[in-house]
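In the numbering used here, the protein residues as written are 182 to 728. C-beta atoms are modelled at their ideal positions from N, C-alpha and C, and glycine is treated no differently.
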Ligand code: GLN
């Protein structure tokens with residue numbers, strides 16, 4: 182039987198519940214336990230697939246094609262495991278199930294209510310992964326902040342589960358903020374006291390308080406928090422600001438967060454934490470030998486969460502290359518043929534990001550042209566790949582009107598076109614080509630050198646594709662399809678053999694990069710950027726203050 186850990190949040194949002202949950206999971210995994218994490222989000226959207234990235238950051242896609250919260254990306258990157266449809270539940274999904282059941286007549290004439298029907302459905306979903314007998318511990322992160330109206334049914338479900346389960350099967354962690362008042366030179370515990378009080382009023386008593394803080398917690402402060410929050414003093418955990426999120430498992434281990442959970446869960450069989458590879462990664466991350474600058478061209482650059490998985494993939498690939506990857510965000514709308522050399526002149530590599538719609542498209546095409554002509558390492562993801570195709574058609578093949586039917590439905594030269602099976606689809610949510618699909622890689626290509634295997638599988642999220650009617654023309658002109666879907670022939674990878682490093686992929690390689698398995702295109706891209714930098718500036722050695 183699986184045991185359950187619930188992670189709630191108090192005082193404010195953005196405290197990093199996902200990172201704390203992932204770090205704890207990492208530690209339990211390092212002790213030999215089988216662990217997974219799930220996230221329950223209180224919003225009414227069925228999933229974040231229909232949300233603008235400005236609202237909720239990146240939409241993370243799982244192997245089985247679920248569009249999920251970006252925290253699932255952290256879970257996968259930390260744990261090196263796959264999550265699935267079942268790992269992200271929203272209020273929308275809960276209500277959809279209950280309402281469908283009601284329409285089927287499943288409630289036998291009863292009044293359908295938040296308690297017990299909605300809370301029962303929440304509980305059923307919370308326990309679902311535990312029924313597979315695949316996990317020893319299931320960590321559930323509750324989105325939102327205690328006190329929010331919309332979180333109430335989730336907290337109530339936790340309350341009931343805490344009551345129903347044997348004492349040693351369940352731990353509740355409350356993540357909170359201990360603000361430091363500069364004027365008073367003091368850490369303040371009052372917001373935490375209030376937050377725990379609120380949680381207790383809702384019937385849930387936390388076993389552990391994890392305190393986000395800028396300053397170390399003194400023994401007195403720990404005692405005060407323990408006393409007023411009704412937990413043991415060793416259950417007050419300091420979560421100080423860290424230089425990188427990947428340091429957090431180590432700081433949580435020092436605070437014995439894992440051991441306290443194991444004790445409460447009465448788990449006695451576990452090994453010493455095996456974190457050798459994690460620590461090697463951290464060492465490399467903190468002590469890079471050189472630096473490269475990569476331009477990230479996108480239209481959501483103001484919001485770092487919009488490209489979360491791409492940024493983390495660069496962290497993994499950088500560490501692997503013992504190289505600091507400095508990201509220069511460039512807004513696609515700001516790039517023009519006149520300013521492109523000035524804007525991109527100091528880069529060692531260029532990544533054109535995924536996206537939707539017309540805005541910023543011409544800037545992206547101008548950036549691709551620059552990278553192609555200047556032999557700057559180029560990496561295009563999804564829309565970025567499509568832009569590389571359009572650029573090549575327009576500027577090399579002379580198809581000056583080349584376009585994507587996404588941006589110009591009546592273009593005479595649709596080199597990127599809506600996939601056939603998408604043409605009948607009108608509903609927006611969950612209807613893209615989603616999740617993992619195989620791709621066969623051609624011999625003697627950059628893709629083959631990168632992956633060193635003939636068959637790969639990567640995740641997708643798109644409606645448009647390379648138009649195969651033009652493929653022969655492209656290949657004759659020097660842009661080849663080096664990866665294709667074996668069944669449909671859909672072009673998954675394009676490259677320019679004449680260029681030192683120019684690759685575009687229809688899929689999202691960033692979704693599969695983890696600390697232990699950095700994604701190979703990112704790794705090779707950084708390697709190519711290092712070579713470009715070496716030629717350009719004789720490879721500057723990184724100075725201490727740049728770390
Ligand atoms: N808008 C493009 C499509 O739907 C690209 C999608 C993406 O970049 N994720 O095909």
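Query raised in the report: Can you check whether the CB of residue 438 is closer than 8 Å to the CB of residue 677?
Result: Locating residue 677 in the chain shown gives position 496, where the first residue counts as 1. Locating residue 438 in the chain shown gives position 257, where the first residue counts as 1. Cβ atoms of residue 677 and residue 438: not closer than 8 Å.
Query raised in the report: Taking one C-beta from the stretch 478-487 and one from the stretch 237-251 each time, how about it: are there three or more such pairs within less than 8 Å?
Result: yes
**Report entry** Where residue 317 falls, given that 16 or more other Cβ within 10 Å makes a residue buried
**Finding:** The residue you call residue 317 lines up with position 136 of the chain shown. So residue 317 ends up on the buried side.
Query - Residue range of the unbroken alpha helix (DSSP H) whose run includes residue 632 - result: As a first step, residue 632 must be located in the chain shown, where it is residue number 451. From DSSP, the alpha helix (DSSP H) with residue 632 extends over 627-632.
Requested in this report: Compute every distance between the C-beta of residue 560 and the non-hydrogen atoms of the ligand GLN, then say whether any falls below 7 Å.
Outcome: Counting from one through the chain shown, the residue named residue 560 turns up at place 379. No, Cβ of residue 560 sits at least 7 Å from all heavy atoms of the ligand GLN.
Requested in this report: Could you tell me the boundaries of the alpha helix (DSSP H) in which residue 552 lies?
Outcome: The residue labelled residue 552 in the question sits at position 371 within the chain shown. Segment 542-555, the alpha helix (DSSP H) holding residue 552.
Query raised in the report: Closer than 5 Å from C-beta to any heavy atom of the ligand GLN: which residues, in chain order?
Result: 535, 537, 563, 564, 642, 643, 644 and 645
Query raised in the report: What three-state label does DSSP hand residue 676 in the structure shown?
Result: Within the chain shown, the letter at position 495 stands for residue 676. Note: residue 676 maps to strand in three-state DSSP.
Query raised in the report: With a cut-off of 8 Å, do at least 3 Cβ pairs link the stretch 323-342 to the stretch 365-385?
Result: yes
Query raised in the report: Between which two residues does the beta strand (DSSP E) containing residue 642 stretch?
Result: For the purposes of this step, residue 642 is taken as residue 461 along the chain shown, with counting starting at 1. 636-643 is the extent of the beta strand (DSSP E) around residue 642.
Query raised in the report: On the three-state DSSP scale, how would you describe residue 215?
Result: As a working note, residue 215 is residue 34 in the chain shown. Three-state result, residue 215: coil.
Query - For residue 267, the nearest candidate out of 232, 285, 289 and 228 (CA to CA) - result: Here residue 267 refers to the residue found at position 86 of the chain shown. It is 228.
Query raised in the report: Would you call residue 611 buried or exposed, if buried means 16 or more other Cβ atoms sit within 10 Å of its Cβ?
Result: Here residue 611 refers to the residue found at position 430 of the chain shown. Exposed, because fewer than 16 other Cβ atoms sit within 10 Å of the Cβ of residue 611.
Requested in this report: Determine the closest residue to residue 475 out of 594, 532 and 493, with distance taken between C-alpha atoms.
Outcome: The residue labelled residue 475 in the question sits at position 294 within the chain shown. Of the candidates 594, 532 and 493, the one whose C-alpha sits nearest the C-alpha of residue 475 is 532.
Query raised in the report: Alpha carbon to alpha carbon, what distance is there between residue 377 and residue 387?
Result: As a working note, residue 387 is residue 206 in the chain shown. As a working note, residue 377 is residue 196 in the chain shown. Cα to Cα, residue 387 sits roughly 8 Å from residue 377.
Query raised in the report: So what does residue 250 bridge to, in DSSP terms?
Result: Within the chain shown, the letter at position 69 stands for residue 250. Looking at the DSSP assignment, residue 250 forms no beta bridge with any residue, so it has no partner.
Query - Spatial distance of residue 184 from residue 321 (CA atoms) - result: Here residue 184 refers to the residue found at position 3 of the chain shown. Here residue 321 refers to the residue found at position 140 of the chain shown. Distance between the alpha carbons of residue 184 and residue 321: 11 Å.
Report task. Return the residue from the list 635, 335 and 667 that minimises the CA-CA distance to residue 618. Result -> Your numbering for residue 618 matches position 437 in the chain shown. Nearest of 635, 335 and 667 to residue 618, Cα basis: 667.
Requested in this report: Measure the Cβ-Cβ separation of residue 469 and residue 493 and say whether it is below 8 Å.
Outcome: As a first step, residue 469 must be located in the chain shown, where it is residue number 288. As a first step, residue 493 must be located in the chain shown, where it is residue number 312. It is not a contact, given that the beta carbons lie outside the stated cut-off.
Query raised in the report: Over what stretch of residues does the beta strand (DSSP E) that includes residue 598 continue unbroken?
Result: Position 417 of the chain shown holds residue 598. Counting along the chain, the beta strand (DSSP E) containing residue 598 begins and ends at 595-599.
Query raised in the report: Where does residue 188 land, buried or exposed, given buried means 16+ other C-beta within 10 angstroms?
Result: On the chain shown, residue 188 is found 7 positions in, with the first residue counted as 1. With 16 or more other Cβ atoms within 10 Å, it is buried.
Query - alpha helix (DSSP H) runs wholly inside the stretch 350-436, at least 4 long, in chain order - result: 371-382, 400-410 and 429-435
Requested in this report: Output yes or no for whether 8 Å exceeds the beta carbon distance between residue 416 and residue 448.
Outcome: As a working note, residue 416 is residue 235 in the chain shown. As a working note, residue 448 is residue 267 in the chain shown. The answer is no: Cβ separation not under 8 Å.
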